[in-house]
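*Asks:*
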Amino acid sequence: MISTTKQTKPSFFKKIIKIFLIATFWILVWEAASRLVSRNNDLMLLILPSPFTVFKKWTELAFTAPFIKAGLHTLARIFTGYIIGVVLGFLIGIFTHISNLAYSLLSPILKIIRAVPVVAIIILMYLFFSSSTLPIIIVCLMVLPLVWQTVHDGLTNTDKSLLEMSKVFNLSKTKTLLNVKLPVVVPNLISSCVNALGLAWKSGVAAEVICLPTVSLGTMLWHSKGSIDFDEVYAVTLTVVVLSIIIEILLKYLCSKYLTRNGGALNDRT
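First residue of the sequence shown: -12, per our numbering; consecutive thereafter.
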């Protein structure tokens, strides 16, 4: 027990130090690039401001009511679309596994959605949905095919020895699905959900930039770009990136805890 704690703490601190050093390295690269491009032309600082200028701008924005409100609205849209996409992907994955007809009908549509560029889907969907609803729909459409594929493939490719064991115990198809197949799918499903979160963020903010909801971080990005306030563009982008990283780390932590308790491990290299 004691030895495990001793091994875990250094590992944790090493990871923190590694992240800090990597972040410091890229901040210094950013600062050097900013100074280099603006050496002969101060106007270039508008396009590539220094990280310290961006951080100063962020501190001016971070605690203002409009900025917090925009961040909360964006979080709400992305999480709503993400949860709907995960649930629908899970249910459709089971459905297409059970029914060959359902798979034949639905799999081409889901594969097309996964292959088509996000911007094209946003423009097409904008014809049918309002600007406040569209980001939710886009996030759902980006997450759904990824989760569906994981669930369907996991159920279809269940270890044959497990299926033979279920036959030995005379388990019905329903019990085999619930007690044999689904538990095997869970680790890959959790990893898929973690990976889908980054895609949800990118697609959700992209949809906001294009359809411009009344209150959102994407709308702030667009207005900042239109007013040539690139300090604010970088500050808002930094907020989106940091929020995405924090939420992804939290989700990975919770998923790892769950899988560890159930004898599994999160399939992740980061």
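Where is the CB? At the ideal position from N, CA and C, for every residue including glycine. Note that the coordinates shown come from a computational prediction; the quantities given were computed from them, not determined experimentally.
1) Need the endpoints of the alpha helix (DSSP H) that His82 sits in, please.
2) Go ahead and label Asp218 buried or exposed: buried means 16 or more other beta carbons lie within 10 angstroms of its beta carbon, across all protein chains shown.
3) My output table needs one value for Pro200: the three-state DSSP class, helix, strand or coil.
4) Are the Cβ atoms of Gly76 and Thr137 separated by less than 9 Å?
5) Terminal residues of the continuous alpha helix (DSSP H) containing Arg248?
6) Assuming Gly58 and Leu204 form a contact by the criterion Cβ under 8 Å, report the distance between their Cβ atoms to the nearest whole angstrom.
7) Report the CB separation of Ala289 from Leu133 in whole angstroms; it is logged as a contact under 8 Å.
8) Output the distance between the C-alpha atoms of Ile34 and Lys43, rounded to the nearest integer angstrom.
9) Helix, strand or coil: which one does DSSP assign to Phe115?
10) Go ahead and label Tyr240 buried or exposed: buried means 16 or more other beta carbons lie within 10 angstroms of its beta carbon, across all protein chains shown.
11) Out of curiosity, what's the CA-to-CA distance linking Ile331 and Lys154?
12) Does the pairing of the stretch 93 to 100 with the stretch 199 to 215 give three or more beta-carbon distances under 8 Å?
13) Shortest alpha-carbon distance to Tyr245 belongs to which of Ser118, Val173, His60 and Thr226?
14) Use the C-beta contact count for Gly185: other C-beta atoms within 10 angstroms, 16 or more gives buried, fewer gives exposed.
15) Can you tell me whether Ala20 is buried or exposed, with buried defined as 16 or more other CB within 10 angstroms of its CB?
16) Measure how close the beta-carbons of Ile110 and Ile125 come, nearest whole angstrom, since I'm counting them as under 8 Å.
17) Is it buried or exposed for Ile215, if we count other Cβ within 10 angstroms and need 16 for buried?
18) Please classify Phe12 as buried or exposed, where buried requires at least 16 neighbouring CB atoms within 10 angstroms.
19) Can you give me the Cβ contacts of Met(-12) inside the same chain, cut-off strictly under 7 Å, excluding the 5 residues immediately before and after it?
20) Within 10 angstroms of its Cβ, does Thr145 collect 16 or more other Cβ (buried), or is it exposed?
*Replies:* Based on what the coordinates show:
1) For the purposes of this step, residue 82 is identified with residue 95 of the sequence shown, where counting begins at 1. The question names His, but residue 82 in the sequence shown is Phe. Residues Ala52 to Ile85.
2) Taking the first residue of the sequence shown as 1, we reach residue 218 at position 231. That one is buried.
3) Counting from one through the sequence shown, the residue named residue 200 turns up at place 213. DSSP places Pro200 in coil when its eight states are reduced to three.
4) The count along the sequence shown starts at 1 and reaches residue 76 at position 89. The count along the sequence shown starts at 1 and reaches residue 137 at position 150. A contact, by the Cβ cut-off of 9 Å.
5) As a working note, residue 248 is residue 261 in the sequence shown. Where Arg248 is concerned, the enclosing alpha helix (DSSP H) stretches over Phe217 to Arg248.
6) Against the sequence shown, residue 58 aligns to sequence position 71. Against the sequence shown, residue 204 aligns to sequence position 217. Indeed, because the Cβ distance is near 6 Å, the residues count as touching under 8 Å.
7) Because the chain spans -12 through 257 in this model, residue 289 falls outside it and cannot be assessed.
8) To locate residue 34, count along the sequence shown from 1; it is residue 47. To locate residue 43, count along the sequence shown from 1; it is residue 56. Distance between the alpha carbons of Ile34 and Lys43: 16 Å.
9) Counting from 1 along the sequence shown, the entry for residue 115 is found at position 128. Coil, per DSSP.
10) Within the sequence shown, residue 240 is the residue found at index 253, counting from 1. Counting Cβ neighbours within 10 Å, Tyr240 comes out exposed, since fewer than 16 surround it.
11) The requested residue 331 is not part of the displayed model; the chain covers only -12 to 257.
12) no
13) Indexing the sequence shown from 1 puts residue 245 at position 258. The candidate whose alpha carbon is nearest that of Tyr245 is Val173.
14) In the sequence shown, counting from the first residue as 1, residue 185 sits at position 198. Gly185 is exposed by the Cβ-count criterion.
15) As a working mapping, residue 20 is identified with position 33 in the sequence shown. Classification for Ala20: exposed.
16) Numbered from 1 along the sequence shown, position 123 holds the residue referred to as residue 110. Numbered from 1 along the sequence shown, position 138 holds the residue referred to as residue 125. About 11 Å separates the two Cβ atoms, so there is no contact after all.
17) In the sequence shown, the residue the question calls residue 215 occupies position 228. Looking at its Cβ environment, which holds fewer than 16 other Cβ atoms inside 10 Å, Ile215 is exposed.
18) One-based indexing of the sequence shown puts residue 12 at position 25. Its Cβ having fewer than 16 others within 10 Å, Phe12 is exposed.
19) Residue mapping note: residue -12 aligns to position 1 of the sequence shown, counting from 1. For Met(-12), the predicted model reports a pLDDT of 37, less than 50, meaning its position is unreliable and no value from the coordinates is stated.
20) Numbered from 1 along the sequence shown, position 158 holds the residue referred to as residue 145. The residue in question, Thr145, is buried, as its Cβ has 16 or more Cβ neighbours within 10 Å.
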